[in-house]
Every structure is written in structure tokens, then in C-alpha cells.
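**Q**
Protein chains: 2
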Amino acid sequence: MAIDQLDGRIIVLLAREPRIGVLEMSRRLGVARGTVQARLDRLQSNGVIRGFGPQVDPAALGYPVTAFATLQIRQGQGADVRAHLATVPEVLELHTTTGSGDMLCRLVARSNADLQRVIDLVVGFDGIVRAATAIVMENPVPLRIIPLVEQAAQDVERT
Amino acid sequence: MAIDQLDGRIIVLLAREPRIGVLEMSRRLGVARGTVQARLDRLQSNGVIRGFGPQVDPAALGYPVTAFATLQIRQGQGADVRAHLATVPEVLELHTTTGSGDMLCRLVARSNADLQRVIDLVVGFDGIVRAATAIVMENPVPLRIIPLVEQAAQDVERT
DNA sequence: TTCTTGCTGGGCAATCTGTTCAGTCAGGGG
DNA sequence: CCCCTGACTGAACAGATTGCCCAGCAAGAA
Numbered sequence: 001m002a003i004d005q006l007d008g009r010i011i012v013l014l015a016r017e018p019r020i021g022v023l024e025m026s027r028r029l030g031v032a033r034g035t036v037q038a039r040l041d042r043l044q045s046n047g048v049i050r051g052f053g054p055q056v057d058p059a060a061l062g063y064p065v066t067a068f069a070t071l072q073i074r075q076g077q078g079a080d081v082r083a084h085l086a087t088v089p090e091v092l093e094l095h096t097t098t099g100s101g102d103m104l105c106r107l108v109a110r111s112n113a114d115l116q117r118v119i120d121l122v123v124g125f126d127g128i129v130r131a132a133t134a135i136v137m138e139n140p141v142p143l144r145i146i147p148l149v150e151q152a153a154q155d156v157e158r159t
Numbered sequence: 001m002a003i004d005q006l007d008g009r010i011i012v013l014l015a016r017e018p019r020i021g022v023l024e025m026s027r028r029l030g031v032a033r034g035t036v037q038a039r040l041d042r043l044q045s046n047g048v049i050r051g052f053g054p055q056v057d058p059a060a061l062g063y064p065v066t067a068f069a070t071l072q073i074r075q076g077q078g079a080d081v082r083a084h085l086a087t088v089p090e091v092l093e094l095h096t097t098t099g100s101g102d103m104l105c106r107l108v109a110r111s112n113a114d115l116q117r118v119i120d121l122v123v124g125f126d127g128i129v130r131a132a133t134a135i136v137m138e139n140p141v142p143l144r145i146i147p148l149v150e151q152a153a154q155d156v157e158r159t
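Protein chains in written order, with the UniProt record's numbering: chain U, 1 to 159; chain L, 1 to 159.
Right under this line is the structure:
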């Protein structure tokens, strides 16, 4: 769970050039191959690195519209709503939250018009009382992890 | 930009077993290696597959708390706020949206107490008028893409 | 001091990658 | 009806990488 500088450099390097191999990494980082391999194994079994799945762009798949919906759930219907939303492909992720809503989900759609269909699909379920949708216009900071990894590595080093 | 069944199967296979090689994929899919290779190249140059970066779990890095903050921005300060937020490592992504807020960002923190620090960091900037934060409790549907890929593949096939 | 842990540097066989080639097949256009 | 293009197959090759193992070494812990 603790990340040191070397771990950080490995992750950052991997994030920047995913196709790179262990051997090439060891060369760039100036350490032995076995070390990189051991670190990677550890990071993965630690769960720090979940995997190396392909990062798919919904827009390129034909779903250029992204939206966030805040849902209010009828008491006690949480589990049903979760199960329902899990069946909708356009629901990319779902969180239960504190605050004004009960759940927050990320949606994608083929167009603004299509978004209506998706929202109907999402909301057309008994347990959902109300939904407030915010359509994403720009994405100035796409999902990123590198700065956090760097900070985590720094923090440990300072210990 | 159009995804056919084979493309879909490649992506799904890759998502399920990322460490798999092109050769093994071709065996599983029952097509020639060159075909898989060509498809992959196309998917990547299309932008459908952005890359294969490591999926890092912030919780395992020591940031188990996730939150979404809805920000209201003072007119004309958008660019400054974007630049400001981009410098905060705990801001994992940022969107500009329609609706009640102007921006929505995903935050992580080391603890609920630490979240206060992060929020102060985020909000402690002139252009931000107000921030409403929702702390994530559960994540019933983690960020996923497979169902959407499958649907996209189906859709094209029906054409 | 002795033990444990992590890193180094090396070596090995097996495997995969990148690339190229010729041949086949289906669909579109002329 | 024929030709061309694009996509897929099956095969081959050299070069590089992987997974795995080992012994030596250094630093910190007991």
C-alpha cells in the first residue's frame, strides 16, 4: 500500500508508454529487470494496479454525449435500483453518495436526443423518485492518475 | 468508428484478460493473427482504444475517499478555474456541465478529514463561488465499458 | 553477529512480436 | 461478365522479450 519513488516512476512510465515491456522499463529506470518485475507483481497483488485493460473512448464508439445524473431513490429500493442500472449499458458507472441525491451515475448517449431515451431508461424504474441531469460540455481534465501517483510517491519518500 | 462483432469481441477479450497477447487472442477468436493485429491497429488509430495504461486504484494508493464536487464559477473565470484545478493532484477529472452547477469534478482524499483539506484547496480560488460536495459511499457499478462495447457491436451488426 | 529482505547481474529455454508474402474470397464498379 | 480493391488466411523469419532460476551483495532488524 505504500508507494515509493521507484513504484511511482514505474506507474508513471507505464501510464505514458503502456506498450513498453519490463525489459525496456528496467533500462529506462536504471534498475535490474527482476526488480521491475518484482515491483510490478507487488503493485498488482497489492491492488494498486488493477489491470491493464484497454481504455475505450465512448465517443469513438458512437456515444459522444456524456452526462451525470443525480438520482433520488425511494427508501428501501436501493438494491433494486442498483440492479436495474447495472443492466443499462449506457450507465458507465454508478455511485451511492451522501448529499442532496442518493446516487450519481455517469451516462453516455449517441446524441442529445438519444440521451432522452437513456434517461427514460434509467428513470423509468419504480424506485427512482427524481433525476437531475447535467450534460457534459467540455472535459478539461480527463480522468487521470499520474499526478496523484507522483504525490503519493513523494509523500512516502518524505516519511 | 463503426465497430463490428469481431472488434467487439477483441475489446471484450482484452478487457477481461489484458495480459493476453495477439497470438493467443487470434487462437481464442478463431481468426488469423494478422487479422487481430490489423483490427487492433485500426481500433487504436480510430481512437476507439486510447491505450492500455495501468488502472490504478486510488484507494490502494492511500486515497480511499472519493467525492464529487459541483462548482459554481464566477462569470468569465472558467479558464482560470480549469487551470487551477488541473494543478491539484486530488482532482482526478473535471467536466464543465450544463445544469445547476458549472463544473463537476471527481476528488479523492486520504480520509474524510483530509477531504476537507482537498475541498479547501479546490474552493480556495477566487473564481469559485460555491461548491456542493457529495461523498461517495459505495460504488455499485465501477467504471465499465464492456456492456457498451457489446451494444455498439450489436448495433452495427443489425445494420 | 546472524537473519531477512530487496536488488543486482547473469543465463536459459520458450514464446511472442513485427513484418512480409502469396493466395483466397466477396463486393462494387465498369 | 470481368477486374479491382480490401480484408482475411496461413506461413515463414529473425529478433526481442518473457518467465524463471541462481548466486552474490548490501542494509536494516533481531
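The beta-carbon is built from N, C-alpha and C at its ideal position, and this holds for glycine as well.
Does the beta carbon of U:Leu13 fall short of 7 Å from some heavy atom of the ligand FAD?
**A** No copy of the ligand FAD occurs in the structure displayed, which carries no ligand at all.
**Q** Between the alpha carbons of U:Ala153 and L:Ala109, how many angstroms are there, rounded?
**A** Linking U:Ala153 to L:Ala109 through their CA atoms gives a straight-line distance of about 15 Å.
**Q** Measuring straight from C-alpha to C-alpha, what distance separates residue 234 of chain U and L:Ala59?
**A** The displayed coordinates of chain U run from 1 to 159. Any statement about residue 234 of chain U would go beyond what the structure contains.
**Q** Alpha carbon to alpha carbon, what distance is there between U:Ser26 and U:Ala113?
**A** Rounded to the nearest whole angstrom, the CA to CA distance from U:Ala113 to U:Ser26 is 50 Å.
**Q** Beta-carbon within less than 6 Å of L:Leu23's beta-carbon, same chain only, minus the 5 sequence neighbours each way: which residues are those?
**A** Cβ neighbours of L:Leu23 within its own chain (closer than 6 Å, five residues either side excluded): Arg33.
**Q** Using the Cβ count rule (16 or more neighbours within 10 Å means buried), how would you classify U:Met137?
**A** exposed
**Q** Examine chain L for any beta-carbon lying closer than 8 Å to the beta-carbon of U:Gln5, and answer yes or no.
**A** no
**Q** For U:Thr87, count neighbouring C-beta atoms within 10 Å of its own C-beta (all shown protein chains included) and say buried if the count is 16 or more, exposed if not.
**A** exposed
**Q** Bridge partners for L:Leu14 per DSSP, in chain order?
**A** Note: L:Leu14 sits in no beta bridge, so no partner.
**Q** Listed from N- to C-terminal order along the chain, which residues in the region 49-73 of chain U have their beta-carbon within a distance smaller than 9 Å of any beta-carbon of chain L?
**A** Ile49, Arg50, Gly51, Phe52, Gly53, Pro54, Gln55, Val56, Asp57, Pro58, Ala59, Ala60, Leu61, Gly62, Tyr63, Thr66, Ala67, Phe68, Thr70
**Q** Roughly how many angstroms lie between the CA atoms of U:Thr70 and U:Thr96, to the nearest whole one?
**A** 10 Å
**Q** So the alpha helix (DSSP H) L:Ala32 belongs to, where does it begin and stop?
**A** That residue, L:Ala32, is in no alpha helix (DSSP H); it is neither H nor E in DSSP.
**Q** Drop a sphere of 10 angstroms on the beta-carbon of U:Pro89, count the other beta-carbons inside from all chains shown, and report buried for 16 or more, exposed for fewer.
**A** Buried, since its Cβ has 16 or more Cβ neighbours within 10 Å.
**Q** Could you please give the first and the last residue of the uninterrupted beta strand (DSSP E) stretch that includes L:Val136?
**A** 128-141
**Q** Going by DSSP, what residue range makes up the alpha helix (DSSP H) through L:Leu115?
**A** 112-123
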